Amino acid sequence: MAIFVNHNTRVIVQGITGQEGQFHTRQCIAYGTQVVGGVTPGKGGQRVDDVPVFNSVAEACRAVAPDTSLIFVPPPFAADAILEAVDAGLKLIVCITEGIPVMDMLKVKNYLAGKETRLIGPNCPGIITPGACKIGIMPGAIHRPGGPFGVVSRSGTLTYEVVHQLTGQQLGQTTCVGIGGDPINGTGFIDCLQAFEADPETKAVVMVGEIGGSAEEEAAAWVAAHMSKPVIGFIAGLTAPPGRRMGHAGAIVSGGSGTAAAKIEAMEKAGIHVCRDLGSLGKLCADVYASASETRH
Numbered sequence: 017m018a019i020f021v022n023h024n025t026r027v028i029v030q031g032i033t034g035q036e037g038q039f040h041t042r043q044c045i046a047y048g049t050q051v052v053g054g055v056t057p058g059k060g061g062q063r064v065d066d067v068p069v070f071n072s073v074a075e076a077c078r079a080v081a082p083d084t085s086l087i088f089v090p091p092p093f094a095a096d097a098i099l100e101a102v103d104a105g106l107k108l109i110v111c112i113t114e115g116i117p118v119m120d121m122l123k124v125k126n127y128l129a130g131k132e133t134r135l136i137g138p139n140c141p142g143i144i145t146p147g148a149c150k151i152g153i154m155p156g157a158i159h160r161p162g163g164p165f166g167v168v169s170r171s172g173t174l175t176y177e178v179v180h181q182l183t184g185q186q187l188g189q190t191t192c193v194g195i196g197g198d199p200i201n202g203t204g205f206i207d208c209l210q211a212f213e214a215d216p217e218t219k220a221v222v223m224v225g226e227i228g229g230s231a232e233e234e235a236a237a238w239v240a241a242h243m244s245k246p247v248i249g250f251i252a253g254l255t256a257p258p259g260r261r262m263g264h265a266g267a268i269v270s271g272g273s274g275t276a277a278a279k280i281e282a283m284e285k286a287g288i289h290v291c292r293d294l295g296s297l298g299k300l301c302a303d304v305y306a307s308a309s310e311t312r313h
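Residue numbers for the sequence shown follow this note's numbering, so the first one is 17 and each next one is one higher.
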């Protein structure tokens, strides 16, 4: 099993005729993802390779029955693209776009409330179930199918580093989710932890956070109350100088709140195995998983 996406996921790409849209559509198809169509207003009837292009998401839904959208629309128009996919009834939207205005995302967040559509991102690398479905920009070759680890991360590049180290330890991944580093996003840590907890093939989870906000502390409290599987955590920005702003819009520290020290303290209090040296994270995961397996037997 996996969470959120699998072999049967049918994807359309909003912004498929742009440079980024075309390039990553080809990469997703090469990985095995079912890309059934694309959407670019005014360019309906064209094709990108063998993929048909439609003028709207609604038109694509009638023609090719997708259940998921991958968005490569420029920031000023990305929120409207998300809302269009929501109105069309798609169950999953993965928005890669970076730099969407905060006020636009506030409207999206409010509009999504109470609806069944799940948003991943924006400003994220996407989601991948190794060997089955890649919806985003992550390098597929470094992933190893079959679990036992689930991965959830605010950072794209750190997601790749974690996956590379897990694969180097011969530890596969069930699903890897990049939730994005913006202050307002869709799916969060707790959503993914809940799904990994319910997934029988996921035996352990790596959670990668960073300074700023309170999502990691809230997730740690959820882990303490509900998680039966081991969680290994890493917080980026441990050595960031006071007052220095990191790259992500959500990585803003206000006073003593949102610091790496505060997040690590919350994680350790919740029983999460915190790694302070990124280079040793794969080895720590292998050790924790082996210890948990011995306990189960």
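Ideal Cβ placement from N, Cα and C applies to all residues, glycine included. Just so you know, these numbers come straight off a predicted model, no measurement behind them.
Run through DSSP, which three-state label would residue i get?
i, result
"L135", "strand"
"I12", "There is simply no residue 12 to check, as the chain begins at 17 and stops at 313 in what is shown."
"H289", "strand"
"I45", "helix"
"V55", "strand"
"I87", "strand"
"L108", "strand"
"A18", "coil"
"T311", "helix"
"G274", "coil"
"G34", "coil"
"S244", "coil"
"P316", "No answer is possible for residue 316: the residues shown for the chain start at 17 and end at 313."
"A237", "helix"
"A302", "helix"
"A76", "helix"
"A97", "helix"
"A282", "helix"
Classify residue i: buried if its beta carbon has 16 or more other beta carbons within 10 angstroms, exposed otherwise.
i, result
"G196", "buried"
"E226", "buried"
"G61", "exposed"
"S171", "buried"
"S296", "exposed"
"P92", "exposed"
"A97", "buried"
"D66", "exposed"
"A129", "exposed"
"A277", "exposed"
"T275", "buried"
"S309", "exposed"
"D120", "buried"
"N22", "exposed"
"K285", "exposed"
"E132", "exposed"
"F39", "exposed"
"L122", "exposed"
"M283", "buried"
"V239", "buried"
With which residues is residue i paired in a DSSP beta bridge?
i, result
"P68", "R63"
"F250", "V224"
"Q50", "R26"
With a threshold of 8 angstroms between beta-carbons, can residue i be considered close to chain B, or not?
i, result
"R78", "Judged by its chain identifiers, the structure shown contains no chain B, having just a single protein chain."
Practice task
Examine the Cβ distances between the segment 141-159 and the segment 222-229 and report whether three or more of them are shorter than 8 angstroms.
Solution key: no
Handout entry: Segments of 4+ residues assigned as alpha helix (DSSP H) that fall wholly inside the segment 110-154
Key = 118-128
Handout entry: Those runs of the alpha helix (DSSP H) which lie wholly inside the segment 147-230 and span at least 4 residues
Key = 172-184 and 205-214
Handout entry: Three or more C-beta pairs below 8 angstroms linking the segment 18-31 and the segment 52-67
Key = yes
Handout entry: Three CB pairs or more closer than 8 angstroms across the segment 72-79 and the segment 111-118
Key = no
Handout entry: Three or more C-beta pairs below 8 angstroms linking the segment 201-214 and the segment 232-245
Key = yes
Handout entry: Cβ contact check for the segment 41-49 and the segment 143-151: 3 or more pairs under 8 angstroms
Key = yes
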